[in-house]
Amino acid sequence: MPNTLDLRRRIRSVKSTQQITKAMKMVAAARLRRAQSRIMEARPYAASMEAVLRSLAARVPSRKHPLLEEREERSITLVTVTGDKGLCGAFNANVLREALNLLRSERWPAVQLVLVGRKGIDFCKVRGIKPVATYAELMGRITPESAFSLARDLTTRFVEGTTDAVYLLSNRFRSIIRQEVTLHRLLPIPRADIAGEASLTGYVYEPNPAALLDDLLPRHVEFQVLRALLSSQAAEQAARMTAMDAASKNAGEMIDKLTLTYNRVRQASITKELIEIVSGAQALGER
Amino acid sequence: MSGGLHLKVVTPTRVVVDAEVDSVTLPGALGALGILPGHTPLLSALRIGELEYRQGVHEHFLAIQWGFVEVQDDRVTVLADAAELPGEIDVAAAQADKREAEEAMRTAGGEEFNVQRAKLQAAVTRLAVAARV
Numbered sequence: 005m006p007n008t009l010d011l012r013r014r015i016r017s018v019k020s021t022q023q024i025t026k027a028m029k030m031v032a033a034a035r036l037r038r039a040q041s042r043i044m045e046a047r048p049y050a051a052s053m054e055a056v057l058r059s060l061a062a063r064v065p066s067r068k069h070p071l072l073e074e075r076e077e078r079s080i081t082l083v084t085v086t087g088d089k090g091l092c093g094a095f096n097a098n099v100l101r102e103a104l105n106l107l108r109s110e111r112w113p114a115v116q117l118v119l120v121g122r123k124g125i126d127f128c129k130v131r132g133i134k135p136v137a138t139y140a141e142l143m144g145r146i147t148p149e150s151a152f153s154l155a156r157d158l159t160t161r162f163v164e165g166t167t168d169a170v171y172l173l174s175n176r177f178r179s180i181i182r183q184e185v186t187l188h189r190l191l192p193i194p195r196a197d198i199a200g201e202a203s204l205t206g207y208v209y210e211p212n213p214a215a216l217l218d219d220l221l222p223r224h225v226e227f228q229v230l231r232a233l234l235s236s237q238a239a240e241q242a243a244r245m246t247a248m249d250a251a252s253k254n255a256g257e258m259i260d261k262l263t264l265t266y267n268r269v270r271q272a273s274i275t276k277e278l279i280e281i282v283s284g285a286q287a288l289g290e291r
Numbered sequence: 089m090s091g092g093l094h095l096k097v098v099t100p101t102r103v104v105v106d107a108e109v110d111s112v113t114l115p116g117a118l119g120a121l122g123i124l125p126g127h128t129p130l131l132s133a134l135r136i137g138e139l140e141y142r143q144g145v146h147e148h149f150l151a152i153q154w155g156f157v158e159v160q161d162d163r164v165t166v167l168a169d170a171a172e173l174p175g176e177i178d179v180a181a182a183q184a185d186k187r188e189a190e191e192a193m194r195t196a197g198g199e200e201f202n203v204q205r206a207k208l209q210a211a212v213t214r215l216a217v218a219a220r221v
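So the protein sequences, as listed, match chains A and B. 33 is the number that our numbering gives to position 29 of the first sequence; each next residue is one higher, with no gaps. 150 is the number that our numbering gives to position 62 of the second sequence; each next residue is one higher, with no gaps.
Rendered as structure tokens:
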């Protein structure tokens with residue numbers, strides 16, 4: 005039989021844990037709102053950019069642009085995006101499991117790993133997997149500049165021929181209760197990303213369509229990276245919120261159970277004491 | 089289409105301007121672009137510079153850095169890497185940028201020189217726009 009003092013201690017400890025998980029849930033909810041609004045704010049730019057790019061690409065047919073050049077995928081770069089922190093359910097584990105699967109798979113003979121986010125970096129260090137580049141500071145504060153500089157590093161690798169393709173593996177934010185691990189080819193830019201109809205006629209182009217396209221394609225890549233990072237950030241906060249909500253609920257159930265046991269134990273000891281007093285009194289009276 | 093222009097300035101992080109205006113002047117890659125209602129469809133690259141738009145008698149200025157403008161059916165869409173309203177510009181930071189860039193340009197060569205020149209242009213534009221308030 006557990007004693008009441010121990011039970012009281014357990015209850016108190018679980019309660020303080022619950023306070024922490026509750027607080028973390030609130031923080032995650034606030035961060036999620038911010039991350040979501042950043043995604044929303046990037047949307048008008050994305051839409052305009054895509055429209056311009058599609059109409060422009062259609063005007064400049066069969067162009068040989070270095071960023072569109074499809075090569076045989078002998079050596080590829082896999083960019084794995086994780087968070088910096090844990091306590092967010094299977095968020096990081098899902099991406100890393102998928103990354104391991106891709107590393108082991110027969111699809112590509114050589115995979116160079118680029119890691120974004122501390123969790124992925126730690127994971128690979130423990131397993132002795134050597135990445136070609138790591139970005140530990142990026143996820144803490146995502147700015148367009150930092151995302152663009154990552155994109156430029158990746159573009160350089162591709163253009164210089166260090167790698168034949170660049171893939172992004174990250175969590176995409178679908179809804180608060182759903183995050184999806186997706187693999188997206190960043191480079192060469194998939195034709196489908198820019199396919200469109202040349203419906204616009206009589207346009208004046210300054211300086212000229214080809215030069216504009218040359219300018220726009222790298223920006224498209226940069227922006228894709230930014231969006232992927234923002235989406236991953238929102239997904240992380242959503243995952244953390246769900247995980248912490250579940251943890252708070254579990255703590256609540258545990259407190260209920262422990263309180264019930266505590267009351268039972270307390271009642272039992274009172275009953276026992278009463279019996280002792282009554283039987284003691286009876287023993288005296290019989291004398 | 090009658091009436092004015094619809095100007096929309098968007099950056100990767102936000103929509104800076106979304107308003108009905110009478111005219112827009114932009115720093116085009118091949119020189120300044122003045123856009124009035126009824127302009128022919130246009131797609132142009134933009135440089136670092138001042139974007140000016142007029143609403144009645146009011147003139148507004150923005151410091152923009154690179155990007156594109158698309159004009160179609162009296163809708164002017166500016167996609168800029170960065171766009172700042174006069175009130176948002178940190179004058180001290182811009183002045184510091186300007187000094188740094190000027191200093192660096194004395195010694196830098198080649199690619200680095202161009203980077204610093206762009207930084208200087210951006211700083212000068214921001215100062216000019218901030219002074220418009």
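Using N, Cα and C, we set each Cβ at its ideal position, and we do this for glycine too. Keep in mind the model is a prediction, meaning the values are calculated, not measured.
- Is residue 240 of chain A near residue 185 of chain A, with beta carbons less than 8 Å apart? No Cβ-Cβ contact shorter than 8 Å links residue 240 of chain A with residue 185 of chain A.
- Below 7 Å CB to CB, which residues in the same chain sit around residue 251 of chain A once its five sequence neighbours on both sides are set aside? By the criterion of a C-beta distance shorter than 7 Å, residue 251 of chain A is surrounded in its chain by 25, once the five residues flanking it on both sides are discounted.
- Use the C-beta contact count for residue 28 of chain A: other C-beta atoms within 10 angstroms, 16 or more gives buried, fewer gives exposed. By the Cβ neighbour-count rule, residue 28 of chain A is buried, with 16 or more other Cβ atoms within 10 Å of its own.
- With a cut-off of 8 Å on the beta carbons, I'd call residue 178 of chain A and residue 8 of chain A a contact; round off their distance for me. Their Cβ separation, rounded to whole angstroms, is 48 Å, which puts residue 178 of chain A and residue 8 of chain A out of contact at 8 Å.
- Message: With a threshold of 8 Å, are at least 3 pairs of Cβ atoms found where one atom belongs to the segment 273-280 of chain A and the other to the segment 33-43 of chain A?
- Response: Short answer: they don't touch.
- Query: In chain order, what residues of the same chain lie with their CB nearer than 6 Å to the CB of residue 166 of chain A, ignoring the 5 residues before and after it?
  - Reply: Residues of the same chain with their beta carbon placed closer than 6 Å to that of residue 166 of chain A are lacking, with the five preceding and five following residues left out of the count.
- Task: Assess, as a yes-or-no matter, whether the segment 140-160 of chain A is touched by the segment 205-220 of chain A under the definition of 3 or more beta carbon pairs within less than 8 Å.
- Result: Contact fails: fewer than three Cβ-Cβ distances are below 8 Å.
- Take residue 172 of chain A as the anchor and find which of A:100, A:129, A:220 has the nearest alpha-carbon. When each option's Cα is compared against that of residue 172 of chain A, the closest is A:100.
- Message: Here's a check: name, in chain order, each residue in its chain whose Cβ is nearer than 8 Å to the Cβ of residue 103 of chain B, leaving out the five neighbours to either side.
- Response: These residues qualify, in order along the chain: 96, 97.
- Task: Determine the contact status of residue 164 of chain B and residue 129 of chain B, defining contact as a CB-CB distance below 8 Å.
- Result: Contact flag unset, no.
- Query: With 8 Å set as the bound, which would you pick, yes or no: does the beta-carbon of residue 53 of chain A sit closer than that to a beta-carbon of chain B?
  - Reply: Taking Cβ atoms only, chain B reaches closer than 8 Å to residue 53 of chain A, which makes this a yes.
- Chain-ordered chain B contacts of residue 227 of chain A [CB-CB under 7 Å]: The answer, in chain order, is 100.
- Inter-residue spacing [alpha-carbon to alpha-carbon] between residue 90 of chain B and residue 124 of chain B: Confidence is the limiting factor: at residue 90 of chain B the pLDDT is only 45, short of 50, which leaves the residue's position unreliable, though a coordinate-based value still follows. Residue 124 of chain B has its alpha-carbon roughly 11 Å from the corresponding atom of residue 90 of chain B.
- Task: Using a threshold of 8 Å, state whether the C-beta atoms of residue 204 of chain B and residue 196 of chain B are closer than that.
- Result: A contact, by the Cβ cut-off of 8 Å.
- Message: I'd like to know if the segment 120-133 of chain A and the segment 46-62 of chain A are in contact, where contact means that at least 3 CB-CB pairs between them fall below 8 Å.
- Response: Touching, no.
- Query: Taking one C-beta from the segment 109-123 of chain B and one from the segment 167-175 of chain B each time, how about it: are there three or more such pairs within less than 8 Å?
  - Reply: The answer is no - the segment 167-175 of chain B does not touch the segment 109-123 of chain B, with fewer than three Cβ pairs under 8 Å.
- With 8 Å as the threshold, decide whether the Cβ of residue 133 of chain B is near any Cβ in chain A. Under the 8 Å criterion on CB atoms, residue 133 of chain B is classed as interfacial with respect to chain A.
- Query: Using a C-beta to C-beta distance shorter than 7 Å, which residues of chain B count as neighbours of residue 230 of chain A?
  - Reply: Those are 100, listed as they occur along chain B.
- Message: Does residue 152 of chain B come out as helix, strand or coil in the three-state DSSP assignment?
- Response: Of the three classes helix, strand and coil, the one that applies to residue 152 of chain B here is strand, per DSSP.
- Message: Tell me the rounded alpha-carbon separation between residue 72 of chain A and residue 219 of chain A.
- Response: Going from the Cα of residue 72 of chain A to the Cα of residue 219 of chain A covers about 13 Å.
- Message: So for residue 91 of chain A, helix, strand or coil by DSSP?
- Response: Here residue 91 of chain A sits in coil by DSSP.
- Item | Uninterrupted beta strand (DSSP E) stretches inside the segment 110-181 of chain A (no shorter than 3 residues) | Counting only runs of 3 or more, we get 114-120, 137-139, 169-179.
- Message: Rounded to the nearest angstrom, what separates residue 161 of chain B and residue 140 of chain B at their Cα positions?
- Response: Going from the Cα of residue 161 of chain B to the Cα of residue 140 of chain B covers about 20 Å.
- Query: Which value, in whole angstroms, describes the spacing of the CA atoms of residue 64 of chain A and residue 217 of chain A?
  - Reply: Their backbone Cα atoms lie some 8 Å apart in a straight line.
- Item | Simplified DSSP assignment, three categories, for residue 68 of chain A | In the structure shown, residue 68 of chain A adopts coil according to DSSP, grouped into three states.
- Query: Taking any Cβ of chain A, which residues in the segment 144-172 of chain B have a Cβ under 7 Å from it, in chain order?
  - Reply: Residues of the segment 144-172 of chain B whose Cβ lies closer than 7 Å to any Cβ of chain A, in chain order: 156, 158, 165, 167.
- Identified DSSP bridge partners for residue 19 of chain A: For residue 19 of chain A, DSSP assigns no beta-bridge partner whatsoever.
- DSSP state of residue 97 of chain B, grouped into three classes? Three-state DSSP puts residue 97 of chain B in a strand.
- Quick one, are the C-beta atoms of residue 158 of chain A and residue 139 of chain A less than 8 Å apart? No, the Cβ-Cβ distance between residue 158 of chain A and residue 139 of chain A is not below 8 Å.
- Message: Runs of 3 residues minimum, wholly inside the segment 191-268 of chain A: which ones carry the beta strand (DSSP E) assignment?
- Response: The beta strand (DSSP E) runs lying completely inside the segment 191-268 of chain A and spanning 3 residues or more are 208-210, given in chain order.
- Task: With DSSP as the reference, label residue 129 of chain B as helix, strand or coil.
- Result: Assigned with DSSP and collapsed to three states, residue 129 of chain B falls in coil, not helix or strand.
- Item | the segment 102-119 of chain B: positions lying closer than 8 Å to chain A by Cβ | Residues of the segment 102-119 of chain B with a C-beta atom less than 8 Å from some C-beta of chain A are 102, 103, 116, 117, 118, listed in chain order.
- Task: Pick helix, strand or coil for residue 185 of chain B, following the three-state DSSP scheme.
- Result: The answer is helix: DSSP assigns residue 185 of chain B an H, G or I state.
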